[in-house]
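Chemist: Dropping the structure in here first, questions after.
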Amino acid sequence: MKVVLRINQPNLGEEEVEAATDVLREGILTHKSGAGPRVLQFEREFASYVGARFAVAVNSGTAALHASLLASDVGPGDEVLLPSFTFSATAEAILLAGARPVFVDIDPKTYCMDVENIEEKITGRTKAIIPVHLYGLPADMDLINEVAKRNDLVVIEDGAQAHGAEYQKRKIGSISDMTCFSFYGTKNMTTGEGGMITTNDGEIAERLRAIRSHGEERPYTSSRLGHNYRMPELSAAIGSVQLKKLPTFLERRRKNALYLTKSLENIKGLELPSEPENRKHAWNLYTIRLRGSNAGKRNRIVQKLRSRNIEVTVYYETPIHFMPLYRRFRSHLPETERAARQVLSLPVHPSITLKDLDRIATELKRIILER
Ligand SMILES: Cc1ncc(COP(=O)(O)O)c(C=O)c1O
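The sequence shown lines up with residues 1442 to 1812 when you count with this note's numbering.
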């Protein structure tokens, strides 16, 4: 029986076990404002890693997005621009804030927001833009921030898949008003569940800290709407260890991605992921696209690879604007819809070996060549 190659999986060692055990021995599991000693340490380390002035830890990437919208005073009557080709949490955070999601099409090469389409969708009600760095590749942040500045919009980056990615030599997390990260088990580093918001604005950081614990300006005195979005100390302790390992994880992901590219080059009708100049991919997923005569074969390829214990996955088969909850926010997004029919993602996580990648490439080629 062949081992199942997972699309992504946590990479944990004795160091994480020790860090978690230390927290349990010390007995401080949480803090009433969410700012326990391990959380504070993890926040300092994360801010320093991405090159932001502040980092605020929360208990999921979804919480990070929702808290960022609340901190921007986004609410009923406001519109927020986002891609439909992303995980549903990006849109969900907007609904949770009471605002209206307005879906923007993607660039077919990078799968990130198409800046021209952003401009077309801006109205007098638009308050914020949430670009998503899909699969770990940064969106075109200079152009997006320039449009945002011209139209007085807040920019909240969804970097849930992009820890360690870079744009113009700057790490994602250091560029816009706020950047949200997720530490869910499939991400480039994990705390099981968890999230982080980074910002260079001290006032925004203060607001975010209040929002993560019931909007309290001081204990038991709420001054704005918040939530319980506190990160547990156990998660923060694991996060600090994972962050130290992140550069190594990223190197292995890059090496695996480049190896796959070498193995799959020159196959007709197969488009490989791109890394535009001045953008550094974080390779959370290696996403290929079937074009031309192969375009109709995507689902068959997925099924066959899965039957051979290779867990390829389609991110995202159902764009958000097609989901029952979001159909009422009707949009015409031809590039999104095409990509949803043609893409599939292959694993490049740190535990995948070159031998595994050889197996994936061989199987994939064989299936593509089948009539
Ligand atoms: C693009 C994107 N946004 C938001 C999220 C939500 O993060 P979380 O699962 O930590 O709530 C995820 C991950 O799951 C994601 O991939």
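Here a beta-carbon is modelled for each residue, glycine too, at the ideal position from N, C-alpha and C.
Note that the structure is a prediction, hence the values are computed from the model and not measured.
What residues are listed by DSSP as bridge partners for Lys1721?
Modeler: Locating residue 1721 in the sequence shown gives position 280, counting from the first residue. Paired residue(s): Glu1607.
Chemist: Please go through the segment 1545 to 1623 and give each complete alpha helix (DSSP H) segment of 4 or more residues, from N-terminal end onward.
Modeler: Taking only runs of at least 4 residues, the alpha helix (DSSP H) segments lying wholly in the segment 1545 to 1623 are 1556 to 1562 and 1582 to 1591.
Chemist: So the beta strand (DSSP E) Ala1496 belongs to, where does it begin and stop?
Modeler: To locate residue 1496, count along the sequence shown from 1; it is residue 55. Element bounds for Ala1496: Phe1495 to Val1499.
Chemist: What do you get for Asn1449, buried or exposed, if any count of 16 or more other CB atoms within 10 angstroms of its CB means buried?
Modeler: Taking the first residue of the sequence shown as 1, we reach residue 1449 at position 8. It is buried - the Cβ of Asn1449 has at least 16 other Cβ atoms within 10 Å.
Chemist: Where the beta carbon is closer than 6 Å to any heavy atom of ligand 1, which residues qualify, in chain order?
Modeler: Those residues, listed in chain order, are Ser1501, Gly1502, Thr1503, Thr1527, Phe1528, Ala1530, Thr1531, Val1573, Asp1599, Ala1601, Gln1602, Ser1623, Tyr1625 and Gly1636.
Chemist: Contact defined as beta carbons within less than 8 Å: I believe Gly1851 pairs with Ala1723. What is the distance between those atoms, to the nearest angstrom?
Modeler: A question about residue 1851 goes unanswered here, because the residues of the chain that appear run from 1442 up to 1812.
Chemist: What does the alpha-carbon distance come out to for the pair Gly1502 and Ser1509?
Modeler: Looking up residue 1502 in the sequence shown gives position 61. Looking up residue 1509 in the sequence shown gives position 68. Cα-Cα distance, rounded: 11 Å.
Chemist: Which of helix, strand or coil does DSSP assign to Tyr1625?
Modeler: Your numbering for residue 1625 matches position 184 in the sequence shown. Three-state result, Tyr1625: strand.
Chemist: In angstroms with no decimal places, state the Cα-to-Cα distance between Phe1526 and Thr1462.
Modeler: Numbered from its first residue, the sequence shown carries residue 1526 at position 85. Numbered from its first residue, the sequence shown carries residue 1462 at position 21. Computed Cα separation, rounded: 40 Å.
Chemist: Can you tell me the Cβ-Cβ gap for Gly1733 and Ser1676, rounded? I've got them flagged as a contact below 8 Å.
Modeler: Here residue 1733 corresponds to residue number 292 of the sequence shown, with the count starting at 1. Here residue 1676 corresponds to residue number 235 of the sequence shown, with the count starting at 1. That pair is no contact at about 46 Å.
Chemist: Drop a sphere of 10 angstroms on the beta-carbon of Ala1606, count the other beta-carbons inside from all chains shown, and report buried for 16 or more, exposed for fewer.
Modeler: Translated into positions along the sequence shown, residue 1606 becomes position 165. Buried is the call here.
Chemist: Going by other Cβ atoms of all chains shown within 10 Å of its Cβ, with 16 needed for buried, is Asn1669 buried or exposed?
Modeler: Position 228 of the sequence shown, counted from the start, is the residue given in the question as residue 1669. By the neighbour-count rule (16 or more Cβ atoms within 10 Å), Asn1669 is not buried but exposed.
Chemist: I'd like the list of long-range same chain contacts for Val1784, defined as Cβ closer than 6 Å, with 5 residues on each side in sequence excluded.
Modeler: The count along the sequence shown starts at 1 and reaches residue 1784 at position 343. If we look at Val1784 and ignore the five residues flanking it on each side, its Cβ neighbours are Thr1728 and Arg1730.
Chemist: Can you tell me whether Tyr1767 is helix, strand or coil according to DSSP?
Modeler: The count along the sequence shown starts at 1 and reaches residue 1767 at position 326. In this structure, Tyr1767 counts as coil in the three-state DSSP scheme.
Chemist: For Ile1437, which residues of its own chain have a beta-carbon under 8 Å away from its beta-carbon, when the five flanking residues on both sides are left out?
Modeler: In the structure as shown, the chain begins at 1442 and stops at 1812. Residue 1437 is therefore absent and cannot be evaluated.
Chemist: To the nearest angstrom, how far is the alpha carbon of Phe1622 from that of Arg1779?
Modeler: Locating residue 1622 in the sequence shown gives position 181, counting from the first residue. Locating residue 1779 in the sequence shown gives position 338, counting from the first residue. Distance between the alpha carbons of Phe1622 and Arg1779 is about 27 Å.
Chemist: Going by other Cβ atoms of all chains shown within 10 Å of its Cβ, with 16 needed for buried, is Glu1459 buried or exposed?
Modeler: Indexing the sequence shown from 1 puts residue 1459 at position 18. Exposed, since its Cβ has fewer than 16 Cβ neighbours within 10 Å.
Chemist: Could you tell me how far apart the beta carbons of Phe1495 and Ala1646 are, in whole angstroms, since I believe they sit closer than 8 Å?
Modeler: Walking along the sequence shown from the start, residue 1495 turns up at place 54. Walking along the sequence shown from the start, residue 1646 turns up at place 205. The pair is a contact, with the Cβ atoms about 4 Å apart (cut-off 8 Å).
Chemist: State buried or exposed for His1736, treating a residue as buried only when at least 16 other CB atoms are found within 10 Å of its CB.
Modeler: Residue mapping note: residue 1736 aligns to position 295 of the sequence shown, counting from 1. Sequence check: residue 1736 is Ala here, not His. Burial call: exposed.
Chemist: For Leu1481, which residues of its own chain have a beta-carbon under 7 Å away from its beta-carbon, when the five flanking residues on both sides are left out?
Modeler: Residue 1481 sits at position 40 when you count from the first residue of the sequence shown. Nothing listed; no residue qualifies.
Chemist: Give the DSSP-derived three-state secondary structure of Arg1541 in the structure shown.
Modeler: For this step, residue 1541 is matched to residue 100 along the sequence shown. Looking at Arg1541 - three-state DSSP - the assignment turns out to be strand.
Chemist: Based on Cα-Cα distance, which residue from Ala1580, Leu1705 and Glu1457 lies nearest to Ala1678?
Modeler: The residue labelled residue 1678 in the question sits at position 237 within the sequence shown. The candidate whose alpha carbon is nearest that of Ala1678 is Glu1457.
Chemist: How many angstroms separate the CA atom of Tyr1756 from the CA atom of Arg1782?
Modeler: Against the sequence shown, residue 1756 aligns to sequence position 315. Against the sequence shown, residue 1782 aligns to sequence position 341. Taking the straight line joining both Cα atoms gives about 10 Å.
Chemist: So which of Thr1777, Ala1505 and Arg1653 has the shortest CA-CA distance to Asp1546?
Modeler: To locate residue 1546, count along the sequence shown from 1; it is residue 105. Comparing Cα positions, the closest option is Thr1777.
Chemist: Can you list the alpha helix (DSSP H) stretches of 4 or more residues lying completely in the segment 1660 to 1713, in chain order?
Modeler: Counting whole runs of 4 or more residues, the segment 1660 to 1713 contains the alpha helix (DSSP H) stretches 1674 to 1705.
Chemist: Within this structure, are the beta carbons of Leu1687 and His1604 separated by less than 8 Å?
Modeler: On the sequence shown, position 246 is the one that residue 1687 refers to. On the sequence shown, position 163 is the one that residue 1604 refers to. A contact, by the Cβ cut-off of 8 Å.
Chemist: Can you check DSSP and say which residues form a bridge with Tyr1490?
Modeler: Looking up residue 1490 in the sequence shown gives position 49. Per DSSP, none; premise fails for Tyr1490.
Chemist: So, does the segment 1758 to 1776 touch the segment 1520 to 1538, judging by three or more C-beta pairs under 8 Å?
Modeler: Because the criterion of three Cβ pairs below 8 Å is met, the segment 1758 to 1776 and the segment 1520 to 1538 touch.
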